[in-house]
Amino acid sequence: AQRIAYSHLPIRLIESPKGGLRSGGIAPHFVEMLRKKLARDPNLADYDLYRDGLTIETTLDARIQQYANEAVREQLALFQREFDRAWSWTAHKELLDAILARAVESHPEYLSAESSHTREQIRRRLLSSPRFVDSVKRAVTTVQCGLVVLEPKTGAILAMVGSSPFAPERGAGSRYSLNHCTEIRRQPGSAFKPFVYAAALADGAIEPSTVIDASPFTYTFADGRTWSPRGAAHQGTVDVATALKFSINTVAARLITQYTSPERVVALARKMGITTPMDPYPALALGVEEVYPIDLVSAYGTFLNGGIAVPPVAIRAIRDRLGRQLYRGKLPAAATDALSPQVCRTMIRLLQQVVDGGTGSTVRQFYRYDAAGKTGTTNDYADAWFVGMTPQLVAGVWLGFDDHRIKFTGAYGMGGKAAAPIWGRLMAKVYADRSLGFTKRTFDDRDSTLVPLAPEQARQVIEEDRYVPPPVQLHPVEPIRPQH
Numbered sequence: 003a004q005r006i007a008y009s010h011l012p013i014r015l016i017e018s019p020k021g022g023l024r025s026g027g028i029a030p031h032f033v034e035m036l037r038k039k040l041a042r043d044p045n046l047a048d049y050d051l052y053r054d055g056l057t058i059e060t061t062l063d064a065r066i067q068q069y070a071n072e073a074v075r076e077q078l079a080l081f082q083r084e085f086d087r088a089w090s091w092t093a094h095k096e097l098l099d100a101i102l103a104r105a106v107e108s109h110p111e112y113l114s115a116e117s118s119h120t121r122e123q124i125r126r127r128l129l130s131s132p133r134f135v136d137s138v139k140r141a142v143t144t145v146q147c148g149l150v151v152l153e154p155k156t157g158a159i160l161a162m163v164g165s166s167p168f169a170p171e172r173g174a175g176s177r178y179s180l181n182h183c184t185e186i187r188r189q190p191g192s193a194f195k196p197f198v199y200a201a202a203l204a205d206g207a208i209e210p211s212t213v214i215d216a217s218p219f220t221y222t223f224a225d226g227r228t229w230s231p232r233g234a235a236h237q238g239t240v241d242v243a244t245a246l247k248f249s250i251n252t253v254a255a256r257l258i259t260q261y262t263s264p265e266r267v268v269a270l271a272r273k274m275g276i277t278t279p280m281d282p283y284p285a286l287a288l289g290v291e292e293v294y295p296i297d298l299v300s301a302y303g304t305f306l307n308g309g310i311a312v313p314p315v316a317i318r319a320i321r322d323r324l325g326r327q328l329y330r331g332k333l334p335a336a337a338t339d340a341l342s343p344q345v346c347r348t349m350i351r352l353l354q355q356v357v358d359g360g361t362g363s364t365v366r367q368f369y370r371y372d373a374a375g376k377t378g379t380t381n382d383y384a385d386a387w388f389v390g391m392t393p394q395l396v397a398g399v400w401l402g403f404d405d406h407r408i409k410f411t412g413a414y415g416m417g418g419k420a421a422a423p424i425w426g427r428l429m430a431k432v433y434a435d436r437s438l439g440f441t442k443r444t445f446d447d448r449d450s451t452l453v454p455l456a457p458e459q460a461r462q463v464i465e466e467d468r469y470v471p472p473p474v475q476l477h478p479v480e481p482i483r484p485q486h
């Protein structure tokens with residue numbers, strides 16, 4: 003009963019004897035994700051997470067987490083101001099009225115009112131309060147962020163930023179708000195295109211030099227309906243490498259309908275780690291099906307793993323108060339052989355060109371070593387993405403809003419301009435820190451064991467050659483009682 007009573011309270015991170023995190027503030031969304039996972043674990047049902055002296059050793063690296071926090075704060079400090087200058091509530095009066103009405107109806111005071119007369123009084127009072135109105139405006143126009151860093155070989159979550167550091171306070175526990183890495187689903191836009199290209203490569207239908215028509219395109223369904231992709235199109239033809247480099251929509255549309263199939267793309271994306279429902283239809287090529295950000299990042303890691311998909315993991319070990327090991331993290335048995343190493347190497351070369359002169363070139367303003375990745379921007383600038391790789395790491399950034407009706411107002415909200423700089427800032431910090439041990443290798447000189455041929459070989463590689471972050475431990479503390 004006591005365990006249940008405190009199950010909603012956050013686990014606090016404190017400095018471990020071997021060095022580590024000093025407070026839960028450095029990675030609150032990671033900790034909350036972990037708390038939820040442990041609370042659901044039947045193997046820990048007999049333990050009180052807060053009073054039984056459990057030590058939980060996580061995959062989180064405090065240094066990379068700090069750099070992730072800094073990168074997000076640095077970019078959003080500039081980007082939030084840019085959005086605020088461009089956004090006008092005068093031009094969105096109907097939207098504001100709808101948002102305020104919803105905010106009133108979800109207000110605790112309104113919900114607890116016992117009569118319609120009292121509710122009406124509360125509604126009028128709230129709507130006439132500048133403080134209430136301004137707080138609602140600020141909340142819905144906060145540019146939210148999700149950033150996650152993974153070690154692809156092991157699936158280890160090395161860092162996670164679950165929300166904007168500039169989100170307005172909502173009282174006690176506001177740090178543990180929506181996790182924009184694991185608890186939202188958003189359209190990835192063009193960040194989904196690598197799955198289409200990889201499927202066509204795996205089918206043997208294309209090579210990087212294959213020339214494809216890039217002119218406007220219309221697909222006709224069996225029932226006579228038609229679909230024409232919006233966005234970038236070119237006159238004439240381009241090769242596959244150029245099409246991905248500049249994210250040409252008409253080429254992606256032709257690939258999924260003429261060189262592979264929607265069904266093949268869905269099957270591949272699932273093998274690589276996308277867990278959300280996906281309908282197999284042509285518009286899938288442009289990223290219209292929603293995904294969890296952490297899934298998208300993990301799936302990109304499959305390219306670095308030579309085709310082996312490894313799910314994200316957060317726990318390395320759990321021990322009881324006597325030091326007895328209750329759990330030891332291992333490579334998940336669910337590791338999947340999704341692609342051939344040859345296709346993965348080709349995809350990395352293609353995605354390098356996106357960073358070196360393509361839609362992701364803003365990365366080069368911050369980070370100069372080998373990198374590969376893809377930008378994503380959804381219709382009307384609702385979501386901005388960048389998912390990228392170095393020879394050792396994969397990380398992804400999503401920017402957007404909690405209310406789908408709020409959108410960036412122009413090209414500054416494109417993935418290459420909004421999200422890619424965060425990735426570049428982060429990797430510049432990580433690779434400048436020699437204590438992390440990441441050498442500035444190129445994709446070409448990576449150890450050949452990074453592209454194993456089968457899941458069993460991958461397991462051996464991961465056991466023998468892996469980056470191990472310094473121990474970060476969660477220690478039980480007295481529950482923090484909510485403030486009323």
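Numbering (this note's numbering), first residue to last: 3 to 486. Glycine is no exception: its CB is placed at the ideal position from the N, C-alpha and C atoms.
Residue i and residue j: beta carbons closer than 9 angstroms?
| i | j | result |
| --- | --- | --- |
| A374 | A421 | no |
| V299 | V389 | yes |
| L1 | P264 | Beyond the ends of the chain as shown, which are 3 and 486, falls residue 1; an answer cannot be given. |
| R187 | E76 | no |
| M391 | A384 | no |
| K195 | G360 | no |
| I296 | V150 | yes |
| C147 | V253 | no |
| A243 | S211 | yes |
| A271 | A301 | yes |
| A216 | V240 | yes |
| A88 | Y414 | yes |
| Y369 | G417 | no |
| F32 | M162 | yes |
| Y261 | I214 | yes |
| L160 | L395 | yes |
Given 8 angstroms as the limit, tell me if residue i has its C-beta closer than that to any heavy atom belonging to the ligand ADP.
| i | result |
| --- | --- |
| W89 | Of ligands this structure carries none, so the ligand ADP is not represented either. |
Hey, out of the options, whose CA is closest to residue i's CA?
| i | options | result |
| --- | --- | --- |
| I250 | I58, S166, K273 and K376 | K376 |
| K139 | C183, R125 and H94 | H94 |
| A340 | Y294, L203 and K38 | L203 |
| I424 | F81, H31 and L97 | F81 |
| H109 | D99, L98, I124 and T338 | I124 |
| D446 | V432, Y369 and C346 | C346 |
| F403 | H182, E153, L113 and R53 | H182 |
| S230 | G418, A161, F219 and A73 | F219 |
| A193 | K442, L401 and T60 | L401 |
| I276 | G303, T262, Y261 and P284 | G303 |
| T441 | G27, V33, S179 and P393 | P393 |
| A79 | L97, S179, V145 and T444 | V145 |
| E72 | D99, V198, G378 and I28 | I28 |
Go through its chain and collect everything with a Cβ distance to residue i's Cβ below 6 angstroms, but skip five positions before and after it.
| i | result |
| --- | --- |
| T380 | Q189 and G191 |
| P282 | P264, E265 and V268 |
| E465 | Caution applies to E465, whose pLDDT of 38 falls short of 50 and renders its modelled position unreliable; the value that the coordinates give is listed next. So no residue of the chain qualifies. |
| R443 | P393 |
Excluding sequence positions up to five away, which residues of its chain have a Cβ less than 8 angstroms from the Cβ of residue i?
| i | result |
| --- | --- |
| V357 | S363, V365, R366, A373, A374, G375 and G390 |
| L438 | D63, R65, I66 and V432 |
| T411 | F85, A88, W89 and Y383 |
Within its chain, find whatever has a CB closer than 7 angstroms to the CB of residue i; leave out the 5 residues flanking it on each side and keep chain order.
| i | result |
| --- | --- |
| Y69 | L428, K431 and V432 |
| I408 | V142 and T143 |
Does any residue of chain D have a CB that is nearer than 9 angstroms to the CB of residue i?
| i | result |
| --- | --- |
| S114 | Given the protein chain composition of this structure (a single chain), no chain D is represented. |
In chain order, what are the residue ranges of uninterrupted beta strand (DSSP E) at least 3 long that sit wholly in the region 374-460? 374-379, 386-391 and 396-402
Is it the case that the region 114-126 contacts the region 43-61, given that we only count it when at least three CB pairs across the two stretches are under 8 angstroms? For the pair of segments examined, the region 43-61 was found not to touch the region 114-126: the number of CB pairs separated by less than 8 angstroms stays below three.
Do the region 124-140 and the region 157-167 touch if we need at least three Cβ pairs shorter than 8 angstroms? Touching, no.
Report yes or no: do the region 254-261 and the region 196-213 share at least 3 C-beta pairs separated by less than 8 angstroms? yes
Complete alpha helix (DSSP H) runs within the region 163-243 (minimum length 4 residues, chain order): 195-204
What residue ranges within the region 244-296 form continuous alpha helix (DSSP H) runs of no fewer than 4 residues, ordered along the chain? 251-256 and 264-274
May I have a chain-ordered list of the beta strand (DSSP E) segments no shorter than 3 residues that lie completely inside the region 315-354? 317-321 and 327-330
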